[in-house]
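Residue numbers (my numbering), protein chains in the order written: chain D, 1 to 293; chain S, 1001 to 1397.
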């Protein structure tokens, strides 16, 4: 391989330095990815060798049996699989909350970015303060509230409970991004006769795709793998979201490790695909307060 | 028969006057609220009366017919209430001329988020404050009492008693601080190092970046459960590796010290990508001209980093560090799923003890008080940090 050509874009640095940088990054990537590959490894191990000290990524006698068990149920015990039900429940709940969350955050973020209204500074600080509420603190009040509203064992209850979890953080991200869009663009539109809201809808929102995608992603991810609230709100087995369902695997031993891993992989893949797909926007969209200079 | 004695006339006059006064008062209140919200002057009295009459009508309908109705669920009643309120506000808006001031628009845009946050964060928080002054527990779910004494008892036992089963508050607090400091330190340095390495034109840059965000991309629940298995004494990756290297395997989950190391490793692994991405975003928006100028002046790489990169990154890193600290402090998932606070609550941090107090030991009143203490602690920390760095100013000005 032509090393000079291999590193040709890294002008300025010596080839040795470039080699070191690549080696460090490769090492970091291995650390980042290996634990996830291990889940995959366990998921394709044959049932009698789930516990093994083998470090190979593709084990001997690799089998897709665990996947079959998760997807189609156990042919021996005639237990049907609830996997698709869990996935469907999670998907509906999470997509709804993410959409609500993004709409709420985007409109509030626009107000924070473009208007100097009384209470703006305190409002932003307040949003940051909400992040300091200890995890689990609001769970009990929320449970009592939802049970008074008869929303326990109700998807709507979970949607409501999730809908604002990521809103304060999303407002910060979106506001930071809106700040970087020049005011001139809107002013031009206003002179051309659009209303303020029209300018927001037609100019700011299309220009903010990266950060909107990121905000959607955060809202989606926070609901997608949420366990503690779901456990409290959804108590019927046929309403379970996947984290609750996955936990039922953790409860049974024997074959569970393989099924657990297989289900994990199948659940993680769409979420990771979504995440990685939007990762092209991750760097540009995630601006916590614009850097001036 | 009612005879109109002067006395009755006087009382009824007072009643009428009081009623009128109430209407005027309410009207003034509505106008005041609307004026502060939308900076609009009231149009005229007649229009105010119309709106007020509508409000009164809706209120009457709601109180008289909707609230006591047995055919509706509570949800539907609340829904109807909100709908009536919205119709009322719309009527006000239409009658006052469908035109809003700039600030009015700002508040209008904020309203949906505000309603959500009020209902799902502020209200539960206030309810939590209320619970902190009750002796609510598993056995007193229906018979609990609310009193100052109960509150004082709760707060006292937070600081003097055990918080879950074995550990005391101070012990857990100390561990939480240690946990947060270690994690945030590694998150920031690790994230910064990777971001600096990635922030240059080179081959495979996109690939590296994609692979490096994997720990963030994988649902946290799954990552934590998987990492827990990797700390298994016999089959976990870490011990297998140690054995292959000829070293003694470690009791990751039963030795208090190593269990703490295990949760730290897990959380550091999970948290670096976020910092890396944030810092990379900040680095990319620093103009290259600064470095060129510094290069001409003969500044070394370290000097450039110290005097250009770090100061210009501050508006990005300050909120990121605050959020990172707060999230790490609140990392209930990681503790709960990796070690569960074991052995003997030696890896519990404040939030996991809090969760145990509420949902394993059902000490609701106590847990509420405990939660307030934790919140106050975090809040104070952030306040001091913000004051010290002044970094947030740049973000919200």
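Don't be surprised by glycine CBs; every beta carbon is placed ideally from N, CA and C.
What you are looking at is a predicted structure, and each value in this text was computed from that prediction instead of being measured.
Is any non-hydrogen atom of the ligand ZN found closer than 7 angstroms to the C-beta of residue 1251/S, if you look at the structure I gave you?
Within the structure as shown, the ligand ZN is missing, as the structure has no ligands at all.
Kindly indicate if chain S contains any beta-carbon less than 8 angstroms away from that of residue 235/D.
In the first chain, counting from the first residue as 1, residue 235/D sits at position 235. So no, residue 235/D is outside the interface.
State the start and end residues of the unbroken alpha helix (DSSP H) segment that holds residue 113/D.
On the first chain, position 113 is the one that residue 113/D refers to. 83 to 114 is the span of the alpha helix (DSSP H), which, as asked, contains residue 113/D.
What are the boundary residues of the alpha helix (DSSP H) that residue 1333/S is part of?
Indexing the second chain from 1 puts residue 1333/S at position 333. Residues 1332 to 1338.
Note down the Cα distance separating residue 1315/S from residue 256/D, rounded to an integer number of angstroms.
Mapped onto the second chain, residue 1315/S falls at position 315. Mapped onto the first chain, residue 256/D falls at position 256. Approximately 47 angstroms, taken between the alpha carbons.
What residue from 1158/S, 1371/S and 1195/S has the CA that sits closest to residue 1309/S's CA?
Mapped onto the second chain, residue 1309/S falls at position 309. The shortest C-alpha separation from residue 1309/S is found at 1195/S.
Output needed for residue 1272/S: all residues of its chain with C-beta closer than 6 angstroms, excluding positions within five of it in sequence on either side, in chain order.
For the purposes of this step, residue 1272/S is identified with residue 272 of the second chain, where counting begins at 1. For residue 1272/S, where only same-chain residues beyond five positions count, the Cβ hits under 6 angstroms are 1187, 1190 and 1191.
I'd like the list of long-range same chain contacts for residue 950/S, defined as Cβ closer than 7 angstroms, with 5 residues on each side in sequence excluded.
Residue coverage of chain S in this structure runs from 1001 to 1397, which leaves residue 950/S outside it and unanswerable.
Go ahead and pull the three-state DSSP assignment for residue 1141/S.
Position 141 of the second chain, counted from the start, is the residue given in the question as residue 1141/S. Correct three-state label for residue 1141/S: coil.
Could you tell me whether any Cβ in chain D is nearer than 8 angstroms to the Cβ of residue 1176/S?
What you label residue 1176/S is simply residue 176 of the second chain in a count that begins at 1. So, not an interface residue.
Let me confirm a value: residue 260/D is counted as buried when at least 16 other C-beta atoms fall within 10 Å, else exposed. Which label applies?
Residue numbering aside, residue 260/D sits at position 260 when the first chain is read from its first letter. So residue 260/D counts as buried.
Checking 8 angstroms against the spacing of the C-beta atoms, do residue 1166/S and residue 1345/S come in under that value?
Against the second chain, residue 1166/S aligns to sequence position 166. Against the second chain, residue 1345/S aligns to sequence position 345. Result yes, Cβ atoms of residue 1166/S and residue 1345/S sit closer than 8 angstroms.
For chain S, is any of its Cβ atoms less than 8 angstroms away from the one on residue 276/D?
Your numbering for residue 276/D matches position 276 in the first chain. So yes, residue 276/D belongs to the interface.
Which residues in chain S sit within 7 angstroms of residue 148/D, going by Cβ to Cβ distance?
Mapped onto the first chain, residue 148/D falls at position 148. The answer, in chain order, is 1074.
Could you say which of 1180/S, 1352/S and 1319/S lies nearest to residue 1168/S if we only look at CA atoms?
Residue numbering aside, residue 1168/S sits at position 168 when the second chain is read from its first letter. It is 1352/S whose Cα lies nearest to the Cα of residue 1168/S.
Within a Cβ cutoff of 6 angstroms, which residues of the same chain sit near residue 5/D, ignoring the five residues on either side of it in sequence?
Here residue 5/D refers to the residue found at position 5 when the first chain is read from its first residue. Any reading at residue 5/D is ruled out, since the residue's pLDDT is 48, under 50, leaving its predicted position unreliable.
How about residue 273/D and residue 102/D: are their beta carbons less than 8 angstroms apart?
As a working note, residue 273/D is residue 273 in the first chain. As a working note, residue 102/D is residue 102 in the first chain. No, Cβ-Cβ distance for residue 273/D and residue 102/D is not below 8 angstroms.
For residue 1140/S, go through chain D and note every residue whose CB falls closer than 8 angstroms to its CB, in chain order.
Here residue 1140/S corresponds to residue number 140 of the second chain, with the count starting at 1. Residues of chain D passing the Cβ test: none, with the nearest at roughly 14 angstroms.
Name the chain S residues whose beta carbon is nearer than 9 angstroms to that of residue 141/D?
In the first chain, counting from the first residue as 1, residue 141/D sits at position 141. Chain S residues near residue 141/D: 1123, 1124, 1125, 1126, 1127, 1128, 1130, 1131 and 1368.
Which one of 1325/S, 1348/S, 1336/S and 1077/S has the shortest CA to CA distance from residue 1378/S?
Working through the second chain from its first residue, we reach residue 1378/S at position 378. Per the Cα distances, 1325/S.
Using the beta-carbon count (16 or more within 10 Å), is residue 236/D buried or exposed?
Position 236 of the first chain, counting from 1, holds the residue named residue 236/D. Residue 236/D comes out exposed.
Leaving aside the five residues before and after residue 1371/S along the sequence, list all residues of the same chain whose C-beta is less than 7 angstroms from its C-beta, in chain order.
The sequence position of residue 1371/S within the second chain is 371, counting from 1. Once the five neighbours on either side are set aside, the close Cβ partners of residue 1371/S are 1128 and 1354.
Go ahead and pull the three-state DSSP assignment for residue 1255/S.
For the purposes of this step, residue 1255/S is taken as the residue at position 255 of the second chain. Looking at residue 1255/S - three-state DSSP - the assignment turns out to be coil, as it is neither helix nor strand.
According to the Cβ coordinates, are residue 55/D and residue 1240/S closer than 8 angstroms?
One-based indexing of the first chain puts residue 55/D at position 55. One-based indexing of the second chain puts residue 1240/S at position 240. It is a contact, given that the beta carbons lie within the stated cut-off.
Taking residue 1221/S as the query, report the chain D residues whose CB atoms sit under 7 angstroms from its CB, ordered along the chain.
Along the second chain, read from residue 1 onward, the residue named residue 1221/S stands at position 221. In chain order: 225, 227 and 243.
Would DSSP call residue 996/S helix, strand or coil?
For chain S, the structure presents residues 1001 to 1397; residue 996/S sits outside this window and is missing.
Taking the CB atoms as reference points, tell me whether residue 97/D and residue 219/D lie closer together than 8 angstroms.
If you number the first chain from 1, residue 97/D lands on position 97. If you number the first chain from 1, residue 219/D lands on position 219. Yes, these two residues count as a Cβ contact at 8 angstroms.
Does residue 1159/S get closer than 8 angstroms to chain D when you measure Cβ to Cβ?
Reading the second chain from its first residue, position 159 is the one you call residue 1159/S. Cβ-Cβ to chain D under 8 angstroms: no for residue 1159/S.
Determine, using beta-carbon pairs with one atom in the region 142 to 158 of chain D and one in the region 228 to 243 of chain D, whether at least three such pairs fall under 8 angstroms.
These segments touch.
Quick one: does residue 1107/S have its CB under 8 angstroms from some CB of chain D?
Within the second chain, numbered from 1, the residue matching residue 1107/S stands at position 107. Residue 1107/S counts as touching chain D.
Measure from the alpha carbon of residue 1382/S to the alpha carbon of each residue in 59/D, 107/D and 132/D, then state which is nearest.
Position 382 of the second chain, counting from 1, holds the residue named residue 1382/S. For the residues 59/D, 107/D and 132/D, the minimum Cα distance to residue 1382/S belongs to 132/D.
If we call anything under 8 angstroms between Cβ atoms a contact, is residue 1197/S one with residue 24/D?
Against the second chain, residue 1197/S aligns to sequence position 197. Against the first chain, residue 24/D aligns to sequence position 24. Result yes, Cβ atoms of residue 1197/S and residue 24/D sit closer than 8 angstroms.
Between residue 1230/S and chain D, is any beta-carbon pair separated by less than 8 angstroms?
In the second chain, residue 1230/S corresponds to position 230, counting from 1. Residue 1230/S counts as touching chain D.
Assign residue 1231/S to buried or exposed, taking buried as 16 or more other Cβ atoms, counted over all protein chains shown, within 10 Å of its Cβ.
Along the second chain, read from residue 1 onward, the residue named residue 1231/S stands at position 231. When all chains shown are included, residue 1231/S counts as buried.
Can you tell me whether residue 1172/S is buried or exposed? The criterion is at least 16 other CB atoms within 10 Å of its CB, across all chains shown.
Taking the first residue of the second chain as 1, we reach residue 1172/S at position 172. Buried, since its Cβ has 16 or more Cβ neighbours within 10 Å.
For residue 1388/S, which of 1318/S, 1329/S, 1375/S and 1185/S has the nearest alpha-carbon?
In the second chain, the residue the question calls residue 1388/S occupies position 388. For residue 1388/S, the nearest C-alpha among the options comes from 1318/S.
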